[in-house]
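Here the protein sequences line up with chains R, D, H and V, keeping their order.
Residue numbering for the first sequence follows this note's numbering, starting at 1 and increasing by one per position.
Residue numbering for the second sequence follows this note's numbering, starting at 1001 and increasing by one per position.
Residue numbering for the third sequence follows this note's numbering, starting at 2001 and increasing by one per position.
Residue numbering for the fourth sequence follows this note's numbering, starting at 3001 and increasing by one per position.
Glycine residues also receive a C-beta, built at the ideal position from the N, C-alpha and C atoms.
Since we're looking at a predicted model, the values are computed, not measured.
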Amino acid sequence: MSAISDRVVPSSGHSGWLVWIGAASMSFLAVFALALAVSAARLADTWSAALAQSATIRISAPPAELEGQTEAVLEVLRTTPGIRDARVMTVEEQGQLLSVWLGPDLPLDALPLPRMIEVWETADGPDRQGLRLRLSAEAPGAIYDDHTQWRRPLISAATRLRGLSVLALLLIGGVTGVIIALAASAAMASNAQVIHVLRLVGARDRFIARAFVRRMTRRAALGAAIGTALGMLAVAGLPAFGPEATSGLGFQGLSWLAPLCVPVLIAGVALLAAAATALKVLRGVT
Amino acid sequence: MSAISDRVVPSSGHSGWLVWIGAASMSFLAVFALALAVSAARLADTWSAALAQSATIRISAPPAELEGQTEAVLEVLRTTPGIRDARVMTVEEQGQLLSVWLGPDLPLDALPLPRMIEVWETADGPDRQGLRLRLSAEAPGAIYDDHTQWRRPLISAATRLRGLSVLALLLIGGVTGVIIALAASAAMASNAQVIHVLRLVGARDRFIARAFVRRMTRRAALGAAIGTALGMLAVAGLPAFGPEATSGLGFQGLSWLAPLCVPVLIAGVALLAAAATALKVLRGVT
Amino acid sequence: MIELQDVTHDYGGGALFENVTASLDPGSFHFLTGPSGAGKSTFLKLCYGELRPSRGSVAVGGSDLRAMSRDELAAMRGTIGVVHQDCQFLDHLDVRANVGLPLHATARPVADRDIEDLLSWVGLNAQADALPPTLSGGERQRAALARAVITAPRLLLADEPTGNLDWDMSQRLLSLMIELNRMGTTILIATHDMNLIRTAKSQVSSRVLRIAGRRLQSAGADL
Amino acid sequence: MIELQDVTHDYGGGALFENVTASLDPGSFHFLTGPSGAGKSTFLKLCYGELRPSRGSVAVGGSDLRAMSRDELAAMRGTIGVVHQDCQFLDHLDVRANVGLPLHATARPVADRDIEDLLSWVGLNAQADALPPTLSGGERQRAALARAVITAPRLLLADEPTGNLDWDMSQRLLSLMIELNRMGTTILIATHDMNLIRTAKSQVSSRVLRIAGRRLQSAGADL
Ligand SMILES: Nc1ncnc2c1ncn2[C@@H]1O[C@H](COP(=O)(O)OP(=O)(O)OP(=O)(O)O)[C@@H](O)[C@H]1O
Ligand SMILES: Nc1ncnc2c1ncn2[C@@H]1O[C@H](COP(=O)(O)OP(=O)(O)OP(=O)(O)O)[C@@H](O)[C@H]1O
Ligand SMILES: [Mg+2]
Ligand SMILES: [Mg+2]
């Protein structure tokens, strides 16, 4: 008996098949967009970490005051929130940096080299304005250089990339919903005769809607599961673009769990779409 | 008469509507992916231009030979393919660069400053190995520094971004084709009765196929045109992420013509899909 | 069993019939006749609630159809049997499942024996596993009648149930309906087959209604 | 006009008829009868090529259907008229366009006068602008006959053309077919209506074929 009440909606038919295919191809795309978003976020993090969170403090002062000001600067840095670490550069390191501009045979000792301190900021960074004020009070010869100028376009590019991927994900999500809802409603409408016959033999709305919604949701979930699996396989099979393993496109570690939400969400969308359409179609049939 | 032979395929019906919606939403996505690809390519170009195509030659030599070696290097650069331009830096420019490391009150005259030459490469760049060999022959004190080390991750990131967008575009193109073909074939199949009746009254395959293909193509083209227009509007309305006008997402100048290919391509896909399906369905009907 | 009060129906192009009042007693046997396009099918559709009259009221078993909720209408349909002129089936289910559909759809117990007996009475044992689209015209009508009577309905509405059947088979279906009527089912058959009506009149006391010229008349023994 | 040579047809569950040989002369008038499910519709489908026989050959107008290409088959259908038992129409076109369809579909000139005349003969002027799903059962059959004869076909195959029609309208359609036969059209009507056959026999010389027990027999004047 339950066998037939499950079978009152035709199992094949083109529009049912469309629900299946629609769910599969949209979840394929969604997995892809998700991979893009996840990788973009990771890429942006990497860049930000590499580029944004380092700065330099240069202390130019008479040799006698140099040591004192350096101590003062380090103390200020230690008590400033937003600073992860700080380290005084050795003379050799400074020489290496300068050799780019001055050649290797540099008379380091003859130069009035300023003292350089390498600073690593946290993700949020310090309050730069406040830091500069405190530095100029404690160590007048110190200049805080956070490389703002040359890092700016890269940071904005990384942010933009992350934003774009999220936008693409939202877009694909929206289109997915629309397509699934349309396919479900087309499947429902193309079964108008089935609904008509069932109403004529005395079936209640609940009976008919349940049969439809169950079948539709099952089909969408199956399609989405297969589309997701294919999408994950495709993402896993993507060639790595860069030499570094962590910067390739795709999921890593726990982020492999993210695409598993896709079939659940799509089945949910299909359920809502099918239920809404079923009730709408049924209201039009006596 | 031609009025009716145009109308033998029902103009409404859910599956025809699916062709319409499928074409519209997929071209919307395609325009978006296209915008992503175009912007990624532009971003990558900008970065490459900014980062990859500049280099520095530093000439450290006894003051007597300095002028001669500089002339020789410039001569070598002029005759090297892959070099767009080269310019000797002034002492003030060098001082500006050095002030980052040495502080502003630098005794420039007291320093044995090497001569610096700024070099702009073309997109392809020179044969660096050969260039270094020639330089070491003509001017032993010259060192060619193309900033390779720090530009490498950025270049690979830009390349990766461009590759990803093209991949997304191909993917969306593929899914579009599949969806349109399926929708066309569903539309065809749901009109099985129309085909049957037409065959029974003596219509030839060509007559039936023409009626279907024409209607299907028109519908897909209209849907794609609307989807493309909406997509272009959406892209135009995107907020700019960065401060620079040229680096925002979207089309600029002539690249606004690119999305106009989308409806043409989609109509073409629909035409092929509809024609193939029509012939397949017709072969199964006597 | 069926009460029509001042019913007028109009599809939009002028009234099909006007101010029709009729009353079919429980257990009665009626024929409905009239020229093609007079409104016989429309009359039956009004009786089982597929259409609502433009004016007037229709009551089945004492309950006014206008006052029924959708679920009450469904429940009412579960207690009557209908043979449609175009015999609609679920084309993906075999004949046996289609005949049992009124029971499945209302979650009533299905006795496979009853279905087999009914199928053999209408001569469809061999087609029990066939799909409806492969049936011949007459086989469809016989399956439709079997589906209509599987619930032992208190009211049977049949629209041209023998239009595609040869005389012997028509007789067989008629005797099935007469048997049901003897067991208490109210019967209303729309038909244009005068021979069928004459044969029935010789076996059961029945009345003939005739739709013509927008009116419903009661035809006498003369026809 | 139609030649069947040793035709056997089998839908998969045993032969429906075996080694049937028959020949219908041009200009002849035949009825095809037999119990429900005997294979009357199947016989007609073999004649217009919707089905191919399991064995044997069918020829229409001298050309073997098996040897025809799809386009030749379509061209052949353009010269014959068919009334299907389930009267299929294009549901989105009105009755007038459906009746003219055989002309539109084969790019032949359409005389609106002829269509109107035909519609008024079968009593469908009022329904000329209606869509097929809103027609009554009998109106569909009349529209189907009108569509079958609009091309003035050399052969008319009609499957139960009067199953849903009252006696007067049946007579009217019969006289239309007799008129066509007088003008040279070969006619084959599948029906179970013995009254129709008797009436026809009194007006035109016709023969009756009967399918029963897998054989095609020629029924005599006795029926
Ligand atoms: N849904 C509809 N919309 C408009 N007109 C309709 C509709 N259904 C039926 N009609 C018209 O109403 C009239 C009566 O139709 P109905 O089906 O009730 O006739 P009928 O008496 O059953 O005829 P038949 O014996 O041919 O089956 C017909 O002229 C038909 O065209
Ligand atoms: N496509 C099919 N597949 C399988 N069996 C079929 C198919 N079409 C018809 N049949 C079977 O073949 C038999 C003959 O069918 P047909 O339609 O030719 O009968 P008929 O003589 O026209 O009957 P009726 O008078 O009831 O219309 C029937 O038993 C039917 O079930
Ligand atoms: Mg009717
Ligand atoms: Mg038949």
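Whole-angstrom C-beta distance between residue j and residue i, which should lie under 8 Å
i: residue 1204 (chain D); j: residue 3071 (chain V); result: 5 Å
i: residue 3016 (chain V); j: residue 3210 (chain V); result: In fact, because the Cβ distance is near 14 Å, the residues do not count as touching under 8 Å.
i: residue 8 (chain R); j: residue 194 (chain R); result: 7 Å
i: residue 3006 (chain V); j: residue 3056 (chain V); result: 4 Å
i: residue 3173 (chain V); j: residue 3155 (chain V); result: Not a contact, Cβ separation roughly 17 Å.
i: residue 1070 (chain D); j: residue 1132 (chain D); result: Contact flag wrong, Cβ pair sits at about 17 Å.
i: residue 1018 (chain D); j: residue 186 (chain R); result: 6 Å
Nearest-angstrom Cα separation, counted from residue j out to residue i
i: residue 2073 (chain H); j: residue 3095 (chain V); result: 34 Å
i: residue 231 (chain R); j: residue 273 (chain R); result: 24 Å
i: residue 2186 (chain H); j: residue 2135 (chain H); result: 29 Å
i: residue 3203 (chain V); j: residue 3083 (chain V); result: 22 Å
i: residue 1002 (chain D); j: residue 3124 (chain V); result: Low confidence applies to residue 1002 (chain D): its pLDDT is 49, below 50, so where it sits in the model is not reliable, and the reading given next is rough at best. Answer to the nearest angstrom: the Cα atoms are 25 Å apart.
i: residue 3004 (chain V); j: residue 3058 (chain V); result: 5 Å
i: residue 244 (chain R); j: residue 1284 (chain D); result: Note that residue 244 (chain R) scores a pLDDT of 45, beneath 50, so its modelled location is shaky; the value from the coordinates is reported in the next line. Whole-angstrom Cα-Cα distance: 55 Å.
i: residue 975 (chain D); j: residue 1166 (chain D); result: Only positions 1001 to 1286 of chain D appear in the structure, and residue 975 (chain D) is not among them; the question remains open.
i: residue 1140 (chain D); j: residue 142 (chain R); result: 39 Å
i: residue 1213 (chain D); j: residue 1223 (chain D); result: 15 Å
i: residue 3077 (chain V); j: residue 3106 (chain V); result: 10 Å
i: residue 286 (chain R); j: residue 2040 (chain H); result: 19 Å
i: residue 1246 (chain D); j: residue 1237 (chain D); result: With a pLDDT of 45 at residue 1246 (chain D), under the threshold of 50, the predicted position of this residue should be treated as unreliable, and no value is reported.
i: residue 1176 (chain D); j: residue 1266 (chain D); result: 8 Å
i: residue 30 (chain R); j: residue 260 (chain R); result: 11 Å
i: residue 241 (chain R); j: residue 234 (chain R); result: Confidence in residue 241 (chain R) is poor, its pLDDT being 46 and thus under 50, which makes the residue's placement unreliable; the coordinate value appears in the next sentence. Going from the Cα of residue 241 (chain R) to the Cα of residue 234 (chain R) covers about 15 Å.
i: residue 2205 (chain H); j: residue 2027 (chain H); result: 11 Å
i: residue 1269 (chain D); j: residue 3079 (chain V); result: 37 Å
i: residue 1229 (chain D); j: residue 1033 (chain D); result: 14 Å
i: residue 3030 (chain V); j: residue 3150 (chain V); result: 20 Å
i: residue 3180 (chain V); j: residue 3165 (chain V); result: 20 Å
Option nearest residue i by Cα separation, candidates the options
i: residue 3002 (chain V); options: V:3038, V:3034, V:3045, V:3037; result: V:3045
i: residue 2008 (chain H); options: H:2038, H:2041, H:2053; result: H:2053
i: residue 1183 (chain D); options: D:1020, D:1005, D:1010, D:1006; result: D:1020
i: residue 2035 (chain H); options: V:3024, V:3138, V:3216, V:3212; result: V:3138
i: residue 2177 (chain H); options: H:2192, H:2147, H:2111; result: H:2147
i: residue 3061 (chain V); options: V:3103, V:3153, V:3166; result: V:3153
i: residue 3161 (chain V); options: V:3011, V:3024, V:3033; result: V:3033
Per-residue DSSP class, three states only, for residue i
i: residue 2084 (chain H); result: coil
i: residue 2076 (chain H); result: helix
i: residue 245 (chain R); result: Only weak support is given to the placement of residue 245 (chain R): the predicted model assigns it a pLDDT of 42, under 50, and the value that follows is read from those uncertain coordinates. DSSP places residue 245 (chain R) in helix when its eight states are reduced to three.
i: residue 2093 (chain H); result: coil
i: residue 67 (chain R); result: helix
i: residue 1252 (chain D); result: coil
i: residue 185 (chain R); result: helix
i: residue 1092 (chain D); result: helix
i: residue 3010 (chain V); result: strand
i: residue 2003 (chain H); result: strand
i: residue 2019 (chain H); result: strand
i: residue 3136 (chain V); result: coil
i: residue 3218 (chain V); result: strand
i: residue 3188 (chain V); result: strand
i: residue 194 (chain R); result: helix
i: residue 2051 (chain H); result: coil
i: residue 1174 (chain D); result: helix
Review point. For the region 197-219 of chain R, which residues have a beta carbon sitting closer than 9 Å to at least one beta carbon of chain H?
Key: Residues of the region 197-219 of chain R with a Cβ closer than 9 Å to any Cβ of chain H, in chain order: 197, 198, 199, 200, 201, 202, 203, 204, 205, 206, 207, 208.
Point to revise | chain R contacts from the region 2083-2104 of chain H (Cβ-Cβ distance under 8 Å) | key: Per Cβ criterion, the list reads 2084, 2088, 2089, 2090, 2091, 2092, 2093, 2097, 2100, 2101, 2102, 2104.
Practice item. Quick one: which residues of the region 3167-3200 of chain V get their C-beta closer than 9 Å to a C-beta of chain D? List them in chain order. Key: Residues passing the 9 Å Cβ filter: none.
Review point. Which residues count as close to ligand 6 when the rule is a CB under 6 Å from any of its heavy atoms, in chain order?
Key: By its list of ligands, the structure shown excludes ligand 6, since it contains just ligand 1, ligand 2, ligand 3 and ligand 4.
Exercise for review: May I ask you to list, following chain order, the residues of the region 3036-3053 of chain V that have a beta carbon less than 7 Å from some beta carbon of chain D?
Suggested key: For the region 3036-3053 of chain V, the beta-carbon criterion of a distance under 7 Å to any beta-carbon of chain D is satisfied by 3049, 3050.
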